[in-house]
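Peer 1:
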Amino acid sequence: MTNWLKPYSKLPATRATALPAKQDFNAKLAAFKKAHGFRERYTMLCHCSRHGRPFEVVFERASEADRFTVSAVNKLAEHAGGGSSAAPQEKRFDVKQFNTSGWHCAWCSAQSWIHCHCGRNNCDYRFRQTGGTLYKCEPGCGATGDIVPMTEIAASAASGAPASMKGRGASALPSTNRTSLPRPDLPRLTGK
Ligand SMILES: [Zn+2]
Ligand SMILES: [Zn+2]
Numbered sequence: 001m002t003n004w005l006k007p008y009s010k011l012p013a014t015r016a017t018a019l020p021a022k023q024d025f026n027a028k029l030a031a032f033k034k035a036h037g038f039r040e041r042y043t044m045l046c047h048c049s050r051h052g053r054p055f056e057v058v059f060e061r062a063s064e065a066d067r068f069t070v071s072a073v074n075k076l077a078e079h080a081g082g083g084s085s086a087a088p089q090e091k092r093f094d095v096k097q098f099n100t101s102g103w104h105c106a107w108c109s110a111q112s113w114i115h116c117h118c119g120r121n122n123c124d125y126r127f128r129q130t131g132g133t134l135y136k137c138e139p140g141c142g143a144t145g146d147i148v149p150m151t152e153i154a155a156s157a158a159s160g161a162p163a164s165m166k167g168r169g170a171s172a173l174p175s176t177n178r179t180s181l182p183r184p185d186l187p188r189l190t191g192k
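With the first letter of the sequence shown counted as 1, position 151 gets the number 151 in UniProt numbering; the numbers rise by one all the way through.
#1: Which residues in the same chain have their Cβ closer than 8 Å to the Cβ of residue 196, if we skip the five residues on either side of it in sequence?
#2: Can you tell me whether DSSP reads Leu76 as helix, strand or coil?
#3: Taking 8 Å as the cut-off, is the CB of Ala154 close to at least one heavy atom of ligand 2?
#4: Determine, using beta carbons only, whether Cys123 and Ala143 come nearer to each other than 9 Å.
#5: Under three-state DSSP, which class holds Ala30?
#6: Check for me: the beta strand (DSSP E) holding Phe38 runs from which residue to which?
#7: Ends of the alpha helix (DSSP H) at Arg126?
#8: Who pairs with Pro54 in a beta bridge, going by DSSP?
#9: Return the CA-CA distance between Trp107 and Cys48, expressed in angstroms with no decimal places.
#10: Our contact map puts Ala154 next to Glu90 with C-beta atoms below 8 Å; I'd like the distance itself, whole angstroms only.
#11: Whose beta carbon lies closer than 6 Å to any heavy atom of ligand 1, going through the chain in order?
#12: From Glu64, Val58, His104 and Arg50, pick the residue whose C-alpha is nearest to that of residue 194; which is it?
#13: Using only alpha-carbon positions, find the residue among Ala27, Ser71, Leu76 and Ser156 that is nearest to Asn99.
#14: Rounded to whole angstroms, what is the Cα-Cα separation between Thr133 and Trp113?
#15: In three-state terms, what does DSSP make of Pro149?
What follows is the structure in structure tokens.
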């Protein structure tokens with residue numbers, strides 16, 4: 001169970017749903033990425049509410065039709081969490097796109113976390129220790145509030161090259177997938 005700190009002030013409006021044409025393009029793009037072993041990877045900066053130490057949770061998925069799953073949980077050095085926890089390239093996802101069952105705190109082994117509107121993701125150790133009714137964002141902005149089921153997950157695109165092609169022979173691709181490859185006259189992917 002993941003939790004979202006419901007702030008007492010109103011949240012900014014979330015962006016509108018993508019248009020059908022955009023979704024169609026995304027589907028083709030996803031098929032292309034999948035066929036080439038490209039995996040979307042996002043990291044989420046988290047903090048342990050018991051020890052106050054930072055760690056990152058890495059989510060990966062092979063295509064937009066899949067859900068993100070936890071591929072790694074890495075402890076970070078103390079200074080890594082010193083700055084703003086909201087990375088500039090942070091993106092919001094519907095929580096339904098995530099399989100968070102592999103999520104755990106790198107420092108105290110808590111199984112869930114609470115996301116604050118300030119951008120903090122704290123493991124729920126402290127919340128459970130205090131009885132689990134009112135939550136205080138600590139370490140973090142100190143805001144208090146009730147928690148509600150999380151609807152969105154914010155994560156940052158992982159830096160560095162995608163973990164593509166590693167150990168992914170062409171033979172691993174089922175031939176049925178080939179039919180969903182984009183036509184060669186489609187615009188080429190840019191930025192990579
Ligand atoms: Zn923890
Ligand atoms: Zn906060």
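Cβ coordinates follow ideal geometry from the N, Cα and C atoms, glycine included. Keep in mind it's a predicted model, so treat the numbers as computed, not measured.
Peer 2: So, from the listed chains and residues:
#1: With the chain covering only 1 through 192, there is no way to say anything about residue 196.
#2: Position 76 of the sequence shown holds residue 76. Reduced to three states, the DSSP call for Leu76 is coil.
#3: The residue given as residue 154 occupies position 154 in the sequence shown. No, Cβ of Ala154 sits at least 8 Å from all heavy atoms of ligand 2.
#4: Counting from one through the sequence shown, the residue named residue 123 turns up at place 123. Counting from one through the sequence shown, the residue named residue 143 turns up at place 143. Against a cut-off of 9 Å, the Cβ pair of Ala143 and Cys123 comes out as no contact.
#5: Here the question's residue 30 lines up with position 30 in the sequence shown. In the structure shown, Ala30 sits in a helix (DSSP, three-state: H, G or I).
#6: For this step, residue 38 is matched to residue 38 along the sequence shown. That residue, Phe38, is in no beta strand (DSSP E); it is neither H nor E in DSSP.
#7: What you label residue 126 is simply residue 126 of the sequence shown in a count that begins at 1. Start and end: Tyr125 to Gln129.
#8: In the sequence shown, counting from the first residue as 1, residue 54 sits at position 54. Its beta-bridge partners are His47.
#9: Counting from one through the sequence shown, the residue named residue 107 turns up at place 107. Counting from one through the sequence shown, the residue named residue 48 turns up at place 48. If you take the alpha carbons of Trp107 and Cys48, they lie about 6 Å apart.
#10: To locate residue 154, count along the sequence shown from 1; it is residue 154. To locate residue 90, count along the sequence shown from 1; it is residue 90. Correct: roughly 5 Å between the Cβ atoms.
#11: Cys48, Ser49, Arg50, Cys105, Trp107, Cys108, Ala110, Cys123 and Tyr125
#12: Only positions 1 to 192 of the chain appear in the structure, and residue 194 is not among them; the question remains open.
#13: For the purposes of this step, residue 99 is identified with residue 99 of the sequence shown, where counting begins at 1. Comparing Cα-Cα distances from Asn99 to each of Ala27, Ser71, Leu76 and Ser156, the minimum goes to Ser71.
#14: The residue labelled residue 133 in the question sits at position 133 within the sequence shown. The residue labelled residue 113 in the question sits at position 113 within the sequence shown. Distance between the alpha carbons of Thr133 and Trp113: 14 Å.
#15: Locating residue 149 in the sequence shown gives position 149, counting from the first residue. Residue state, collapsed to three classes: strand.
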